[in-house]
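Take the sequence shown: its letter number 315 is residue 315 in UniProt numbering, and every next letter is one higher.
Here the structure is laid out as structure tokens; the discussion comes afterwards.
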Amino acid sequence: MSKVNLNIPEVEIREIRLNSITGFQGTAKELVDACSACGGKMKDKNRSFSQCLGCGTSNAACTLTLIQDAAIISHGPVGCSTCLHEFAFTYRVNAYLRQLEHPTQRKIYSTNIEEKDTIYGGSKKLEAAIREVHKRAKPSAIFVITTCAAGIIGDDVESVTNAAQKELGIPVVAVFCEGFRSKMWTSGFDAGYHGIARKIIKPARQKRNIINVINFWGSDIFREWFAEFGYEPNYITPFATVDSLSYSSEAALTIQACSTLGSYLGAALEQQFGVPEIRNSPPYGIAQTDRWFRELGQIIGKEKEVEEFLARKKKEYMPKIEALREKLKGKTAYVTAGASHGHSLLALLKELGMEPQGAAIFHHDPQYDNEDERADTLRHTVSDYGDVPNYNVCNKQEFELVNVLNRIKPDILLARHGGMTLWGAKLGIPSLLVGDEHFGMGYEGLVNYGERILETIENDEFVKNLAKHSANPYTKWWLDQEPYTFLGK
Numbered sequence: 001m002s003k004v005n006l007n008i009p010e011v012e013i014r015e016i017r018l019n020s021i022t023g024f025q026g027t028a029k030e031l032v033d034a035c036s037a038c039g040g041k042m043k044d045k046n047r048s049f050s051q052c053l054g055c056g057t058s059n060a061a062c063t064l065t066l067i068q069d070a071a072i073i074s075h076g077p078v079g080c081s082t083c084l085h086e087f088a089f090t091y092r093v094n095a096y097l098r099q100l101e102h103p104t105q106r107k108i109y110s111t112n113i114e115e116k117d118t119i120y121g122g123s124k125k126l127e128a129a130i131r132e133v134h135k136r137a138k139p140s141a142i143f144v145i146t147t148c149a150a151g152i153i154g155d156d157v158e159s160v161t162n163a164a165q166k167e168l169g170i171p172v173v174a175v176f177c178e179g180f181r182s183k184m185w186t187s188g189f190d191a192g193y194h195g196i197a198r199k200i201i202k203p204a205r206q207k208r209n210i211i212n213v214i215n216f217w218g219s220d221i222f223r224e225w226f227a228e229f230g231y232e233p234n235y236i237t238p239f240a241t242v243d244s245l246s247y248s249s250e251a252a253l254t255i256q257a258c259s260t261l262g263s264y265l266g267a268a269l270e271q272q273f274g275v276p277e278i279r280n281s282p283p284y285g286i287a288q289t290d291r292w293f294r295e296l297g298q299i300i301g302k303e304k305e306v307e308e309f310l311a312r313k314k315k316e317y318m319p320k321i322e323a324l325r326e327k328l329k330g331k332t333a334y335v336t337a338g339a340s341h342g343h344s345l346l347a348l349l350k351e352l353g354m355e356p357q358g359a360a361i362f363h364h365d366p367q368y369d370n371e372d373e374r375a376d377t378l379r380h381t382v383s384d385y386g387d388v389p390n391y392n393v394c395n396k397q398e399f400e401l402v403n404v405l406n407r408i409k410p411d412i413l414l415a416r417h418g419g420m421t422l423w424g425a426k427l428g429i430p431s432l433l434v435g436d437e438h439f440g441m442g443y444e445g446l447v448n449y450g451e452r453i454l455e456t457i458e459n460d461e462f463v464k465n466l467a468k469h470s471a472n473p474y475t476k477w478w479l480d481q482e483p484y485t486f487l488g489k
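Have a look at this one:
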């Protein structure tokens, strides 16, 4: 198991810790087999041309900005903080999913490092910013996320935050997530969670009937599920409070909505605070739903209740699932999403009788921090449903996506991240983005997704018209090339 060390301020990046990669082209089974053959130590493939790259700063902010009573300071040029404000929008529009009636304005600030600060240092500016934010916002904790500029000039952010914590009497947490630190955008998640684990989470006072849910901002489905077994969810981190996070050590166990998102914090809670995590990847598709709930039952000692729960779900939803399979049988699809949620979407499509023609997944973790194969969503998908052709690991390289879609022309494009569905629409392909990561979970999730997919495919007039009037920025020269021309061997 990957060893979590909360005594150091920085978390090891995924390229080193998990041997994560951003370059692969082949089939899903070939990738799974290659990871097994090399013991999880895959050699990454570099691109000779890259159009864009996700930034770890944004992903660290994703784990921190939506904590209700926390403030975030971006230590860097003001432009680096612009990506944070999308989470202020996310907080307001998704608060209703967690019954949060009065979502407050997010507390997002920047030290606004300028050219002179890169010469003389920005530490004094950071000290002043922390005091000012504490005075204005009265937060329960302050997180300082670092940017490339702060990293290059070598500001001692850890010392500044430690001194501020003693002065102000609240947690002031340095989160080291400079964009150049890692080419894995998901290393930003780990950086944010490392800060929470080392300075926010406290030792347990007692064990309680709560289950930690490491997730994004999906709907509150776990409350109803866990109530069946006498437990409540403790969501980490969107819409949580600093106090609820501090006693996540008192939970009976931890589950993850996405193994990629929660890998590090799940391991930290188990290794450092004694909270076991469910090893099985999240409950998408019938096979994985059954496995996941049965492991849940084993950990909390409710095996009998879980079997009764699953039997009721099968009775209620299987007729609807069978009806959807008849309507969707043979329909083709393409998936673009992060791992492991993208792997889960492939499982959903296969479960509904559809034929995934490929996927563009933003990175790949050959292993997770618990080093347990049960957490490997792609391995489960291939084992349960068979291979997926045209499987591409790429860090949001849109030029590759457009080239592939232009060749395959699936009946529908499924995307997880904004900005990707427009490429399908421009090509006349019905495209679906569902922001609620819990929407497809469990037996009811298959019905949810099946109905939405059917509705999207049947209502294609808009994308057909859009394709007629849209200019494609990619030339015929590129569209005639192999999609992976710039991917190294």
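Ideal placement from N, C-alpha and C gives every residue a C-beta, glycine not left out.
Ignore the nearest five residues each way along the sequence and tell me which others in residue i's own chain have a CB closer than 8 Å to its CB.
i           : result
Lys3        : Gln271
Ile278      : Leu253, Thr254, Ile255, Gln256, Trp292, Glu295, Leu296 and Ile299
residue 527 : Nothing in the structure corresponds to residue 527, since the chain is present only between 1 and 489.
Gly274      : Ala204 and Ser249
Over what stretch of residues does the alpha helix (DSSP H) that includes residue i continue unbroken?
i           : result
Asn448      : Gly442 to Glu458
His469      : Glu461 to His469
Val160      : Val157 to Leu168
Glu228      : Neither: Glu228 is in no alpha helix (DSSP H) and is coded neither H nor E.
Val4        : From DSSP, Val4 is part of no alpha helix (DSSP H); its letter is neither H nor E.
Glu437      : Looking at the DSSP string, Glu437 is not in any alpha helix (DSSP H), and its letter there is neither H nor E.
Arg205      : Looking at the DSSP string, Arg205 is not in any alpha helix (DSSP H), and its letter there is neither H nor E.
residue 529 : Here the chain has residues from 1 to 489 only, and residue 529 is not among them.
Thr289      : Ile286 to Ile300
Glu127      : Ser123 to Ala137
Ser50       : Per DSSP, Ser50 belongs to no alpha helix (DSSP H) and is neither H nor E.
Thr241      : No alpha helix (DSSP H) holds Thr241; DSSP gives it neither H nor E.
Arg198      : Ser187 to Lys199
Lys476      : Lys476 to Leu479
Trp423      : Thr421 to Lys426
Once you ignore the five residues that flank residue i on each side, which residues in its own chain have a CB closer than 7 Å to its CB?
i      : result
Gln25  : Asn392, Tyr484 and Leu487
Asn234 : Ile210, Ile211, Asn212, Val213, Ser244, Ser248 and Ala251
Leu310 : Asp290 and Phe293
From which residue to which residue does the beta strand (DSSP E) around residue i run?
i      : result
Ile145 : Ala141 to Thr146
Gly26  : Phe24 to Gly26
Using the DSSP secondary-structure output, state which residues sit across from residue i in a beta bridge.
i           : result
Thr254      : Asn212 and Glu277
Val172      : Ile142
Leu414      : Val335 and Leu432
Ser110      : Ser74
Arg181      : None, per the DSSP bridge assignment.
Asn234      : Asn212
residue 529 : The question about residue 529 has no answer here: the residues shown for the chain are numbered 1 through 489.
Leu487      : Arg47
Residues in the same chain with beta-carbon distance under 6 Å from residue i, minus the five sequence neighbours each way, listed in chain order, please.
i      : result
Ala20  : Correcting the residue identity first, residue 20 is Ser in this sequence and not Ala. Result list for Ser20: Arg14, Met184, His363 and Asp365, in chain order.
Ala95  : Pro103
Val463 : Ala425, Gly428 and Pro430
Leu253 : Ile211, Pro276 and Ile299
Arg47  : Phe486 and Leu487
Ile221 : His438
Ala375 : Ser259, Arg279, Ser281 and Tyr368
Pro283 : Thr289, Trp292, Met441 and Gly442
Asn59  : Trp185, Gly188 and Phe189
With a cut-off of 8 Å on the beta carbons, I'd call residue i and residue j a contact; round off their distance for me.
i      : j      : result
Thr63  : Thr237 : 5 Å
Val175 : Ile145 : 5 Å
Arg325 : Leu348 : Not really, about 12 Å apart at Cβ, beyond 8 Å.
Thr381 : Leu413 : Between Leu413 and Thr381 the Cβ distance is about 18 Å, and since that is not below 8 Å, they are no contact.
Ala337 : Arg416 : 3 Å
Thr289 : Pro410 : Between Pro410 and Thr289 the Cβ distance is about 25 Å, and since that is not below 8 Å, they are no contact.
Ala141 : Val11  : That belief does not hold up - the Cβ atoms of Ala141 and Val11 are roughly 18 Å apart, past 8 Å.
Phe216 : Leu261 : 7 Å
Gly76  : Thr111 : 7 Å
Subject >> Sequence ranges, beta strand (DSSP E) only - wholly within the stretch 321–408, length at least 3 >> reply: 332–337, 355–361 and 391–393
Original post:
Taking the runs of the beta strand (DSSP E) that are 3 residues or longer, which of them lie wholly in the stretch 61–94?
Top reply: 70–75
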